[in-house]
Each structure stands twice: as C-alpha cells, then as structure tokens.
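Visitor: Take this structure, written in structure tokens, and hold onto it; I'll ask about it next.
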Amino acid sequence: MRVSLVIGAMLSAVFVSLAAVSLLWLPYDITVLDIAGRLHPPSASHWLGTDHFGRDMVAMLMAGARTSIAVALVAVGIGIVFGVPLGLVAAAYRGTWLDEAIMRGNDLVFAFPSLVIAILITAVFGASAVNAILAIGIFNIPVFARVARGGALPLWTLDYILAARVAGKGRARISAEHILPNIANLLIVQGTIQFSLGILAEAALSYVGLGAQPPMASWGRMLADAQTMIYTEPQLAILPGMAIVLMVLGLNLMGDGLRDALDPRLRKAGM
Amino acid sequence: MTQTLKMSVAAFALMASGAWAAQDSIIIGMQLEPPNLDPTGGAAAAIDEVTYANLFEGLTRFASDGAVVPGLAQSWSVSEDGLTWTFDLRPGVIFHDGTAMDSADVVFSLNRARAEDSTNAQKALFAGIADVSAPDASTVVITLDAPNGNFAFNMAWGDAVIVAPESVATNATQPVGTGPFRFVEWAKGDSVTLERFDAYWGAAPALTRATFKFISDPNAAFAAMMAGDVNAFPVFPAPETLANFDADPRFSVIVGSTEGETILAMNNANLTDVRVRKAISHAIDRQAIIDGAMFGYGTPIGTHFAPHNPDYVDLTGGSAHDPDMARALLAEAGATDLRLSMALPPPSYARRGGEIIASQLRAVGIATDITNMEWAQWLEQVFRGKDFDLTIVSHTEPADINIYARPDYYFQYDNAGFQALIETLGITADPDTRTTLLQDAQKMIAADYVNGYLFQLAKTGVADSRIEGLWQNAPTQANDLTGVSWRAGP
C-alpha cells in the first residue's frame with residue numbers, strides 16, 4: 001500500500017468533509033461579529049479561540065475551507081471542460097493548422113505569469129470570488145489541453161484506434177469513446193495537482209484583497225488580517241497558514257500517489 | 001574562545017558608541033513618504049510632518065496644545081473694524097541659505113499663496129486677504145475683505161509658511177526655510193535628514209541631527225522600533241501591537257488626540273431620506289468599532305467636531321446604538337431590502353471598521369457591498385467622482401466643520417441654513433458668538449444625520465522612553481522637534 005496516497009487522501013478528506021459540513025452547519029455564525037469576545041484563547045466553547053472580531057476560529061477555518069475548495073473545484077472544472085476537448089481536437093487533427101492554432105494559443109497563455117494575470121483580471125473586473133474563479137480557471141485550460149493532447153497522441157497510432165477508424169467511426173467519436181477513457185488517469189492526476197494550485201492561487205488572491213470579499217471567509221484573507229498581529233496573536237496567522245499547507249500537501253501527496261497507482265508501467269516497477 | 005570574546009567586546013564597543021552617538025540625534029519613523037518637501041505646494045500630511053516648525057515657519061504657529069502662538073511675527077494687532085492686521089516681525093531671522101527674512105519675503109509668500117495660479121492646497125486660508133503691504137522691513141500690514149476672527153489661526157497652518165523668492169523654485173526637493181533645522185539630504189524611498197541650523201533666531205534645539213525614515217509596512221515598523229533602528233514612531237500604523245510596547249520598559253506609548261474626525265460618510269445625493277440616514281446612524285455601535293478596529297484607541301463623537309475643542313458639544317446620545325429604532329425607521333421610510341456600496345480606503349480604521357459596520361448594518365437589514373480601494377482609486381471614484389453610497393474616512397484637518405457648507409463636497413450635503421451659518425461664522429470675531437454659532441453648526445449636522453459620526457482618531461505613537469518633548473496631541477500634522485531631547489541614560 002502506498003503511504004503517501006493514504007496520507008494525502010486522508011488529509012484531503014478531512015478538509016473536504018469540513019467544507020461539506022460547513023455547507024449545512026457551522027459552530028458559530030461568522031457574519032456576526034462579537035467585538036467584546038475578541039481574541040479569546042482556546043476554550044471549551046471556542047476550540048481554537050476567536051479572532052480579532054470575536055469570530056470563532058473553527059467556524060472561520062471551516063468556512064475558509066469551503067471557499068478555497070469551491071473556488072479551486074470550479075476553476076479545475078473550467079480547465080477540464082474547455083481544456084480537454086481542445087487537447088483532444090488538437091490530437092485528432094495532429095500536424096494540421098488546427099493543432100498548431102490550438103497549441104500556439106496555449107503557449108501564449110502559458111507565456112504569462114498566471115498569478116500576475118489573475119491579479120490583473122480581478123483588479124480590472126472587481127475583486128470577488130467569482131472573478132477569482134474565472135482568473136484561476138482560465139489558466140487551467142492550457143494545462144489540461146496539453147495533458148489531453150500529450151496523452152492522446154500515442155493512442156492514435158495504436159491498432160484498435162486504427163480498427164475503429166476502419167470501422168468508420170469519426171474522429172470526434174473515437175476521441176470520446178476510446179481516447180478519453182484511456183487518458184482519464186492522466187487527467188485525474190493533473191486535476192488533483194491543479195486543484196492544490198487553485199487553492200494556493202485563491203489564498204494568494206485573497207491575501208492581496210482580490211479574492212473572496214468579507215463577510216465571506218477565506219484562508220488568504222485570514223492571513224492578511226492577522227499579519228499585523230503576528231507578534232501579539234500568532235495563532236491567528238498560524239492556523240490558516242497551517243490549513244493551507246496541510247490541504248495543499250494532502251492534495252499533492254494524493255496526486256503523486258494516484259499517479260503511481262494509476263500508471264500501469266509504474267505499477268509494475270513499483271510493486 | 002578568545003576570538004569570540006574579542007568579537008563580542010568589539011560588538012559591545014560598537015553598540016556602546018552607537019548609543020552614545022544617539023544622544024543628540026534622532027530617527028523618526030513615518031509611514032508615508034512625502035511626495036515633495038514644499039508645504040506651500042502640496043496637500044500631503046507627510047510634508048508637514050517633516051517640515052512644520054522644523055524647516056519652515058509661518059507668521060504664527062501652533063503650540064503642542066493647539067494654541068496659536070507667535071512665530072516669525074513676535075506680535076500682532078488688529079484694527080477696530082477687524083479688517084487690518086499688523087504683524088510685527090522678529091528681528092534677525094535668516095533663511096538657511098544665509099539671506100535675511102524681512103517683510104518683503106512675507107509679502108511675497110502670501111501673495112504667492114493667494115495668487116490665481118497658486119498651487120497651495122489650502123487656498124481658502126488666504127481667500128479673505130484684500131492686500132498685503134510692507135511699510136518697513138519689520139512690519140507687515142494685511143487688509144482683509146471682511147473681519148476674520150480666525151486669521152491668526154489661518155496663518156499658523158503649514159500651508160502658510162514664509163518662503164524666500166530666491167529659493168522657492170527648488171523648495172520641493174531642496175527646502176530652504178527659517179526653522180531651527182536645515183535640510184541635508186533626501187534619500188528617496190528611504191529617509192530625509194535634517195541638521196541643526198546654528199544661525200537660528202530662537203533657542204537652539206537639543207538635537208543636532210534628525211532623520212525621518214519612511215516605513216510603510218506595519219510589521220517592518222514594529223521590527224524597526226523593537227530593534228532600535230527607529231527611535232520614535234509618532235503615528236504608529238498598527239494599534240494592535242501597542243500593548244507589546246506598553247509592556248516593554250524600553251518604550252513609552254504616547255496616546256494623544258488628533259483633529260481626525262473619523263466618519264461613515266454617506267452620499268446624501270443617494271441617501272436623500274433623513275430617516276434612512278438616521279437609521280444607519282442608530283445601527284452603528286461606536287464602541288465596538290473603536291475596540292474592534294482601533295483596539296480601544298479613540299473617542300466616540302456625535303458630530304463633526306473634535307472633543308478636545310472647548311466648543312465641542314457631546315451629541316453622541318442623539319445617535320446611540322439602537323438597532324430596534326433603526327429597523328423601525330427603515331420600515332417607516334419604506335427602505336426595505338436596502339443594498340449599499342461601501343468603499344474602504346487602506347487605513348485599518350476603514351478596512352476593519354468597514355467590516356464591523358457591515359455586520360452592524362446587516363443586523364438591521366441593510367446589505368452592503370464592500371470594495372477595498374487604494375487611496376488613488378478612492379480619491380478618483382469617491383472623493384471626486386462621488387460614486388459611492390458609504391465610505392469611511394478620517395478628516396484630519398483642524399476645525400473643518402465648514403466642509404458641510406460645500407454642497408459639491410463629496411458627501412453632497414446641501415443645506416442653505418447651514419451655509420448661511422458658516423458664512424455668519426466667517427465674519428464673526430466675538431468669541432462668545434462664535435462659540436454659539438459653532439455649537440449650532442454641530443447640532444445642525446447631527447440633527448440632519450449627514451454622516452455617521454464614529455470616533456476621534458487617536459494619535460498613537462511609540463518612542464524610546466528616554467526621549468522627551470515629543471508632541472502628545474496633533475493639533476496639526478507635525479513632528480515638532482524643537483523641544484525634543486534625550487534624557488541621560490541610566
């Protein structure tokens with residue numbers, strides 16, 4: 001059994017279930033500020049204490065997990081929905097002008113530092129969680145397009161694809177019925193990695209004030225708010241910081257583990 | 001072992017010499033760097049924080065308690081009709097470039113400030129001047145259009161300092177004034193250095209050298225103070241860390257008052273119904289904002305006036321925290337499902353205060369869309385463009401209640417009665433009548449709920465506990481170093 005996969009999956013599962021629970025129930029309402037009860041140390045009623053506005057840190061971290069995961073999930077979704085078909089088309093028409101156009105377009109997007117462009121997008125269209133999702137999602141498109149094309153190209157030379165073509169199946173149908181299932185493992189691994197990058201990007205955008213806006217909770221904004229109190233109330237910065245680290249670490253370990261588990265060649269060598 | 005010992009001895013010697021050298025020089029921390037060093041040509045508070053009373057002086061000046069005291073004019077008199085002010089200049093005053101300061105310089109400075117093409121940020125201070133003349137080298141006679149009881153106060157502003165025609169063109173980068181310190185160097189992005197001007201007319205300051213160091217990041221400011229890289233930070237940017245300094249015997253925390261009325265400004269052109277504005281005022285819990293945003297530093301206010309001013313009226317009771325009343329008022333005004341935009345500039349009183357106010361407004365059923373802005377965007381969109389519903393800002397100019405008489409000012413309060421009142425105030429010299437008028441003005445804007453009046457910004461500074469003579473309060477934006485000295489260390 002792969003240790004990294006187990007640890008990664010467990011860490012990710014903890015945060016995903018915290019986020020899922022937060023959809024239905026939070027220990028405290030984070031939109032209600034209780035100034036008199038601010039900066040309480042951990043206690044039976046507030047397990048991790050309260051922040052500078054008297055909000056419960058457990059509730060804030062749970063709601064922050066929800067924001068991070070929602071943003072990253074939708075951003076990865078955008079990447080898959082737009083990127084994978086682009087990559088499949090490029091592979092199906094490899095060597096043609098269509099392939100060239102798609103892949104050079106990808107290179108163009110890759111040429112820009114993604115976070116800087118994300119900051120530009122949110123600065124121009126206004127800071128909000130939705131714009132952060134779009135900004136992060138756009139940069140997922142070329143990633144998935146490349147992975148899909150790279151995975152699809154060698155498949156097109158295989159005999160069973162040739163057989164399908166001889167049988168009269170069109171390129172689109174072959175891509176959907178034969179290519180896509182065979183590159184799914186690659187996409188899952190890439191999706192996990194992009195997911196963790198999405199969480200980092202959301203935290204970064206929120207940290208500079210361009211992501212989720214108050215009263216929505218966000219790990220990045222919790223860090224930014226706690227920054228000037230790092231000498232007096234270090235736990236306010238450490239807790240969201242740890243949440244980001246553990247979540248991203250978990251997803252990366254899971255991505256690595258999944259790659260090892262799903263790749264048939266590595267599986268043989270590893271066992 | 002010996003090596004380590006030698007090194008630590010050397011290090012100790014360095015530290016000791018550093019401490020000794022610090023006795024007659026000071027490093028002052030400031031959050032913002034001034035855009036230039038000419039107080040007559042820029043509105044930025046940081047200009048006055050470096051130059052006021054240090055580099056430049058005016059005819060009169062503010063003392064640390066806000067009183068107007070003689071500056072370059074050793075005395076002045078007003079004619080019976082209140083129209084003619086005669087200033088008697090101090091003899092033997094010379095500029096840092098060695099030229100003498102006489103009545104011609106005063107005439108030049110005032111005429112320049114009130115000229116058509118003047119770039120002075122506070123031209124209103126000079127608006128009532130009809131003529132400036134110099135009968136002899138040490139006398140200046142100023143004739144006004146109408147009596148102005150406030151004229152000596154106007155002349156104490158940093159914008160009204162006396163400059164020399166020879167050096168005025170280069171004052172922005174090479175300031176030449178008459179103050180006790182002269183300009184040495186401006187390392188852009190880092191610091192401005194001044195040194196004692198030995199030919200100063202008054203008592204020589206105890207300090208021989210002063211450096212203003214610009215540190216914008218609150219964490220870096222904290223670290224610089226703790227490490228002793230900065231000796232004093234008169235306006236410390238992070239009130240949340242003051243408790244650390246308070247607990248440390250090496251530092252003293254200086255808490256004073258400023259002229260900064262911090263308000264939740266409402267766009268009166270959008271929020272035309274006084275009941276809605278009243279509801280917003282009653283929805284606000286001032287103490288929660290002071291505690292949550294300023295960590296307890298600040299005095300609640302109920303009108304646009306400084307509580308330390310003798311003419312202040314406490315009107316906080318008229319807009320006490322009362323969510324039920326706010327809800328009732330909103331229902332009465334038919335303003336259900338109110339959704340307002342709230343623009344927040346960078347200071348923590350605005351960013352944190354905004355989150356608290358949004359939560360308090362939510363409690364009475366008003367939704368807010370918060371937009372965090374940098375100052376440039378705030379000035380463009382809110383201050384000039386008037387495109388906002390709510391914003392939080394601190395008005396740091398002294399005695400600035402007259403901004404409510406400007407219908408085109410960003411919160412767009414248009415009340416002919418108030419405008420007439422301020423006009424009467426402008427031509428009233430009698431102190432008792434002025435007090436009555438000022439109190440009426442305060443009551444009028446409070447009764448109209450023009451803005452949500454939050455608190456008077458506190459001046460929270462940190463200094464090495466051996467430093468004496470720093471201003472506790474901020475009657476104007478200044479770091480007057482003339483009376484600052486180091487107490488002999490233990």
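So the sequence lines, in the order shown, correspond to chains A and B.
Sequential numbering from 1 applies to the first sequence in full-length UniProt numbering.
Sequential numbering from 1 applies to the second sequence in full-length UniProt numbering.
Don't be surprised by glycine CBs; every beta carbon is placed ideally from N, CA and C.
Can you pull out the residues from the segment 42–70 of chain A whose beta carbon lies closer than 9 Å to at least one beta carbon of chain B?
Guide: Of all residues in the segment 42–70 of chain A, H52, F53, G54 have a Cβ within less than 9 Å of some Cβ in chain B.
Visitor: Is there a C-beta anywhere in chain A that falls below 9 Å from the one on P323 (chain B)?
Guide: As a working mapping, residue 323 (chain B) is identified with position 323 in the second sequence. The C-beta of P323 (chain B) comes no closer than 9 Å to any C-beta of chain A.
Visitor: Would you kindly report the start and end of the unbroken alpha helix (DSSP H) that includes D81 (chain B)?
Guide: Position 81 of the second sequence, counted from the first residue, corresponds to residue 81 (chain B). Segment: none, D81 (chain B) is in no alpha helix (DSSP H) and carries neither H nor E.
Visitor: Could you pull out every residue in the same chain whose Cβ sits closer than 6 Å to the Cβ of Q23 (chain B), ignoring the five residues on either side in sequence?
Guide: Looking up residue 23 (chain B) in the second sequence gives position 23. So the list reads W486, once near-sequence residues are dropped.
Visitor: Under 9 Å, do S75 (chain B) and S103 (chain B) count as touching if we go by C-beta distance?
Guide: Within the second sequence, residue 75 (chain B) is the residue found at index 75, counting from 1. Within the second sequence, residue 103 (chain B) is the residue found at index 103, counting from 1. No, they are not a contact pair.
Visitor: Any C-beta of chain B sitting closer than 9 Å to the C-beta of W215 (chain A)?
Guide: Reading the first sequence from its first residue, position 215 is the one you call residue 215 (chain A). The residue asked about is misnamed: residue 215 (chain A) is Pro in this sequence, not Trp. Yes, P215 (chain A) counts as interfacial toward chain B.
Visitor: Nearest by alpha-carbon distance to S257 (chain B): which of B:E49, B:M30, B:T476, B:A458 is it?
Guide: Counting from one through the second sequence, the residue named residue 257 (chain B) turns up at place 257. Distances from the CA of S257 (chain B) to each of B:E49, B:M30, B:T476, B:A458 were compared; the closest alpha carbon is that of B:A458.
Visitor: At 7 Å on the CB atoms, spell out the chain A contacts of I215 (chain B), in chain order.
Guide: Numbered from its first residue, the second sequence carries residue 215 (chain B) at position 215. Result: empty, since nearest Cβ-Cβ is about 13 Å, beyond 7 Å.
Visitor: Can you list the alpha helix (DSSP H) stretches of 4 or more residues lying completely in the segment 146–170 of chain B, in chain order?
Guide: 151–154
Visitor: Could you compute how far the alpha carbon of G37 (chain A) sits from the alpha carbon of I290 (chain B)?
Guide: For this step, residue 37 (chain A) is matched to residue 37 along the first sequence. For this step, residue 290 (chain B) is matched to residue 290 along the second sequence. Their backbone Cα atoms lie some 14 Å apart in a straight line.
Visitor: Quick one: does V32 (chain A) have its CB under 9 Å from some CB of chain B?
Guide: As a first step, residue 32 (chain A) must be located in the first sequence, where it is residue number 32. By this cut-off, V32 (chain A) is an interface position.
Visitor: Can you give me the Cβ contacts of A335 (chain B) inside the same chain, cut-off strictly under 6 Å, excluding the 5 residues immediately before and after it?
Guide: Here residue 335 (chain B) corresponds to residue number 335 of the second sequence, with the count starting at 1. Hits under 6 Å: V276.
Visitor: Would you mind telling me which residues of chain A sit closer than 8 Å to F236 (chain B), beta carbon to beta carbon, in chain order?
Guide: As a position in the second sequence, residue 236 (chain B) is number 236, starting the count at 1. Going along chain A, no residue has its Cβ under 8 Å from F236 (chain B), so there is no contact; the nearest lies around 11 Å.
Visitor: Could you list the residues in the segment 214–244 of chain A with a C-beta less than 9 Å from some C-beta on chain B, going in chain order?
Guide: P214, P215, D225, Q227, T228, M229, I230, Y231, T232, E233
Visitor: Could you tell me which uninterrupted alpha helix (DSSP H) segments, each at least 4 residues in length, are contained entirely in the segment 197–268 of chain A, listed from first to last along the chain?
Guide: 219–226, 234–262
Visitor: Taking the straight line between their C-alpha atoms, what separation do you get for G461 (chain B) and L55 (chain B)?
Guide: Sequence index remark: in the second sequence, residue 461 (chain B) carries index 461 (1-based). Sequence index remark: in the second sequence, residue 55 (chain B) carries index 55 (1-based). Approximately 22 Å between the Cα atoms of the pair.
Visitor: List, from N- to C-terminal side, the alpha helix (DSSP H) runs of 4 residues or more that fit wholly inside the segment 415–458 of chain B.
Guide: 416–426, 431–447
Visitor: Could you tell me which of A:L251, A:A118, A:P42, A:M57 sits nearest to residue 282 (chain A), measuring between CA atoms?
Guide: The requested residue 282 (chain A) does not occur in the structure, where chain A is confined to residues 1 to 271.
Visitor: Determine, using beta-carbon pairs with one atom in the segment 206–218 of chain A and one in the segment 155–163 of chain A, whether at least three such pairs fall under 8 Å.
Guide: With the rule of 3 Cβ pairs closer than 8 Å, the segment 206–218 of chain A does not count as touching the segment 155–163 of chain A.
Visitor: Under 9 Å, do residue 291 (chain A) and L223 (chain A) count as touching if we go by C-beta distance?
Guide: With chain A covering only 1 through 271, there is no way to say anything about residue 291 (chain A).
Visitor: Counting only beta-carbon atoms, is G170 (chain A) nearer than 9 Å to chain B?
Guide: The residue you call residue 170 (chain A) lines up with position 170 of the first sequence. For G170 (chain A), the answer is no, since every Cβ of chain B falls outside 9 Å of its Cβ.
Visitor: Any contact between the segment 165–182 of chain A and the segment 116–126 of chain A? By contact I mean 3 or more CB pairs, one from each, below 8 Å.
Guide: no
Visitor: Return the residue from the list A:T228, A:G255, A:F195 that minimises the CA-CA distance to V74 (chain A).
Guide: As a working note, residue 74 (chain A) is residue 74 in the first sequence. Nearest of A:T228, A:G255, A:F195 to V74 (chain A), Cα basis: A:F195.
Visitor: Taking the continuous alpha helix (DSSP H) assigned at H282 (chain B), which residues delimit it?
Guide: Here the question's residue 282 (chain B) lines up with position 282 in the second sequence. Run containing H282 (chain B): 274–283, per the alpha helix (DSSP H) assignment.
Visitor: For F197 (chain B), is the classification buried or exposed, using 16 other Cβ atoms within 10 angstroms of its Cβ as the cut-off for buried?
Guide: Along the second sequence, read from residue 1 onward, the residue named residue 197 (chain B) stands at position 197. Buried.
Visitor: Under 9 Å between C-beta atoms, does N372 (chain B) make it to chain A?
Guide: What you label residue 372 (chain B) is simply residue 372 of the second sequence in a count that begins at 1. Yes, N372 (chain B) counts as interfacial toward chain A.
Visitor: Enumerate in chain order the residues of its own chain whose CB-to-CB distance from F125 (chain A) is below 6 Å, with the five nearest sequence positions on each side excluded.
Guide: Sequence index remark: in the first sequence, residue 125 (chain A) carries index 125 (1-based). So the list reads N131, once near-sequence residues are dropped.
Visitor: Which parts of the segment 34–111 of chain A are runs of the alpha helix (DSSP H), unbroken and 4 residues or longer, counting only runs that do not cross its ends?
Guide: 57–92, 97–111
Visitor: G105 (chain A) CB to nearest chain B CB: under 9 Å?
Guide: Indexing the first sequence from 1 puts residue 105 (chain A) at position 105. So no, G105 (chain A) is outside the interface.
Visitor: Suppose you measure from the CA of F108 (chain B) to the CA of A134 (chain B); what does that come to, to the nearest Å?
Guide: For the purposes of this step, residue 108 (chain B) is identified with residue 108 of the second sequence, where counting begins at 1. For the purposes of this step, residue 134 (chain B) is identified with residue 134 of the second sequence, where counting begins at 1. Cα to Cα, F108 (chain B) sits roughly 10 Å from A134 (chain B).
Visitor: Please return the same chain residues whose Cβ sits closer than 7 Å to the Cβ of P142 (chain A), not counting the five positions on each side in sequence.
Guide: Along the first sequence, one-based indexing puts residue 142 (chain A) at 142. The answer, listed in chain order, is G83, N106, V109, F110.
Visitor: For E57 (chain B), is the classification buried or exposed, using 16 other Cβ atoms within 10 angstroms of its Cβ as the cut-off for buried?
Guide: Residue 57 (chain B) sits at position 57 when you count from the first residue of the second sequence. E57 (chain B) should be labelled buried.
Visitor: From B:D440, B:V450, B:F418, B:D38, pick the residue whose C-alpha is nearest to that of F411 (chain B); which is it?
Guide: By one-based count along the second sequence, residue 411 (chain B) stands at place 411. Taking only the C-alpha atoms, the option nearest F411 (chain B) is B:V450.
Visitor: Could you round the C-beta distance between A53 (chain B) and T482 (chain B) to whole angstroms and report it? I think they count as a contact, below 8 Å.
Guide: Locating residue 53 (chain B) in the second sequence gives position 53, counting from the first residue. Locating residue 482 (chain B) in the second sequence gives position 482, counting from the first residue. About 6 Å; that satisfies the 8 Å criterion.
Visitor: Could you tell me the distance, in whole angstroms, from the CA atom of D56 (chain A) to the CA atom of S252 (chain B)?
Guide: For the purposes of this step, residue 56 (chain A) is identified with residue 56 of the first sequence, where counting begins at 1. For the purposes of this step, residue 252 (chain B) is identified with residue 252 of the second sequence, where counting begins at 1. Answer to the nearest angstrom: the Cα atoms are 33 Å apart.
Visitor: One question on the structure: do W471 (chain B) and P234 (chain B) come within less than 9 Å of each other, judged by their Cβ atoms?
Guide: Against the second sequence, residue 471 (chain B) aligns to sequence position 471. Against the second sequence, residue 234 (chain B) aligns to sequence position 234. The answer is yes: Cβ separation under 9 Å.
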